[in-house]
Structure formats: structure tokens, C-alpha cells
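Using the numbering used here, the first residue of the sequence shown is number 20, and each one after it goes up by one. Only one structure is covered here, and it is reproduced in the block below.
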Amino acid sequence: MKFCDLTNKVAIVTGASRGIGKAISLQLANYGVKIMLMARNTIDMETLKELIISQNGTAEIQTGDVSNYDDFLKTITNTLDNWGKIDILVNNAGITRDNIIMRMKEDDWDNVLNTNLKGCFNGIKAVTRPLIKNKGGRIINITSVIGQIGNPGQSNYAASKAGIIGLTKAVAKELGSRNITVNSVAPGYILSDMTGELNDKLKQQMYSSIPLGRFGKPIDVANLVCFLASEEAGYITGQTFNVDGGMVMK
20 MKFCDLTNKV AIVTGASRGI GKAISLQLAN YGVKIMLMAR NTIDMETLKE
70 LIISQNGTAE IQTGDVSNYD DFLKTITNTL DNWGKIDILV NNAGITRDNI
120 IMRMKEDDWD NVLNTNLKGC FNGIKAVTRP LIKNKGGRII NITSVIGQIG
170 NPGQSNYAAS KAGIIGLTKA VAKELGSRNI TVNSVAPGYI LSDMTGELND
220 KLKQQMYSSI PLGRFGKPID VANLVCFLAS EEAGYITGQT FNVDGGMVMK
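Here is the structure:
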């Protein structure tokens, strides 16, 4: 039984080719959403598109870099050309370029901020007019618990994810009167290719910081995104929701 009805809604998901973005795209499609997949990796997106279609879903792809506003406008245009409207934007694209602050290159700072934070700004700016024309919609930004607590060697990533939380609150206040909700989701440690490569000792150390004693799964994030995209979440805006097994309690 599906806990919310998203049939015939139209969504753009950035960073859709793998990980959390892939899980979000698959779950939204499972709830009846038509998905425009946006990422830089065309091959992985084509594979995901075929998977969604094989499960009776609907998807198209748009190769692009979220840090480039013109690329985002092309994605908006392509989505409108295909389905005539946009209901949901999920700003998920993100990168890391880790190093301690003394050794961090300026390019590594700029690239992370441009993709993670400016990419969110570009998506929100580009989608706002179509959502207003649609008389409402949902913007969901994927941040991180690192934006709340910081992490050694990730000053650029932490700054970008903290910025997304502030951006979410500001835009929620701007767009609330237009029936557009804006929320963010902050994953903690989520199973991925990277966590799969960790040794058992390091995993146990990480587990000890999580009350539930395990890593989350991408589907855990995807399920919350689906709820925030639904009519059931229509009175929720400007909030940040942690999906972290209790790692960060406020």
C-alpha cells in the first residue's frame, strides 16, 4: 500500500545517476511520478531510465552540470516540452573534495560550493516561474548532517551543506504565499560504494556514533522525499529533516 499519491506529478531530480539520487528517482517513479533525470553521466542515466521504464514508470534524461544556470534552464525547458508542467524539484547533486583547511586548494573550495550550493540556487531560480504558473509545488534540497555538525577535512562540504539549510529557510519564506513548499533532508551515514570499502574496525567506530547502530539505506532518504513531495506534507515548509539513525539529535 502506498502512503501517498503522486500519480501524474512531474519531477526533476539532479544527481540522479547513482546513490541517493538514483533511489529517489526510482521511488518517485514507483509512486507514479514522471521523472526528468539530470546528471553529468549520460550512460548511467540511460541505464536508470531503462530500469524505470521496465518497471512501468516514465523517465527522460537531460545531461547537464547543475553549477551552470544555462544547463538548468535546458532541463526546465526539456521537462516542460515533454510533460507541460513541473511539480517537484529535488536538488540532490553534490560532490566532495576533502582536505584539511591548510591544504585545501581554492579550486576544491569553489568546485564544491558551485556544485552543492550554487547548484541548489540555480535549480530553485530556474524552477520558480514554472511552479508559480503551476499554482504550487515542492522543492526538496538534499543537505547533510555534516552541514549541522561539521567534520574535519570537509570545511568546503560542511559550508555548502549548511548554506543549503539557510537557503531552504529563506526561499520557503519567499515562496510560501505561492503554495510552494521548500524543505531539506539531511542524510547521515548512508550505505554507498564508499561505505562498502570501509574496514570492519572503522565501520564499528562509525556505528558507535549512531543510536540505531547501523548505516542507513538510500531508500530511507527516498521515502522521506516522497512524503515531502506529496499533498500530505502540504503544511510543512522551511524545515530540515535528518535521516541519520539518531546520530544528530537537536
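For glycine and all other residues, C-beta sits at the position ideal for the given N, C-alpha and C. Remember, predicted model here, so these are calculated numbers, not experimental data.
A contact between stretches requires three or more CB pairs, one per stretch, nearer than 8 angstroms, and the stretch 42–53 meets this requirement with the stretch 64–76.
Boundaries for G166: no beta strand (DSSP E) harbours it, while the alpha helix (DSSP H) harbouring it runs I165 to I168, taken from the DSSP string. Taking C-beta atoms as the reference points, S203 and T147 fail to come closer than 8 angstroms.
Just so you know, the alpha carbons of V190 and G257 end up roughly 8 angstroms apart. Setting aside the 5 residues that flank it on each side, D84 is surrounded in the same chain by R59 and D90, each with a C-beta closer than 7 angstroms to its C-beta; the list follows chain order.
With a cutoff of 8 angstroms on beta-carbon distance, D263 and P171 are scored as not near each other. G166 counts as buried, since no fewer than 16 other beta carbons sit within 10 angstroms of its beta carbon. DSSP lists M55 as the bridge partner or partners of E79.
Per the C-alpha coordinates, the member of S44, K28 and I114 positioned closest to G155 is K28. Checking the DSSP bridge columns, you'll see R157 partnered with I107 and T200. Taking 8 angstroms as the upper bound for CB-CB distance, A145 and L231 are not in contact here, some 37 angstroms apart. Cβ-Cβ distances below 6 angstroms link A181 to G166 in the same chain, with the five nearest sequence neighbours on each side left out; the list follows chain order. Annotation: the continuous beta strand (DSSP E) that includes I31 extends over V29 to T33.
Rounded to the nearest whole angstrom, the CA to CA distance from G40 to D63 is 12 angstroms. Residue pairing by DSSP places G235 opposite I209 in a beta bridge. In this structure, I31 is the residue among I31, L70 and L47 with its C-alpha nearest to the C-alpha of Q81. Straight-line measurement puts the Cα of I158 at about 14 angstroms from the Cα of I95. Rounded to whole angstroms, the separation of the alpha carbons of N130 and K222 is 29 angstroms. Here D126 is exposed. Its C-beta has fewer than 16 other C-beta atoms within 10 Å. Residue environment analysis places I107 among the buried positions, since at least 16 neighbouring C-beta atoms fall within 10 angstroms of its C-beta.
The beta carbon of I114 sits closer than 8 angstroms to those of N130, V131, T134 and N135, all from its chain and outside the five residues before and after it, given in chain order.
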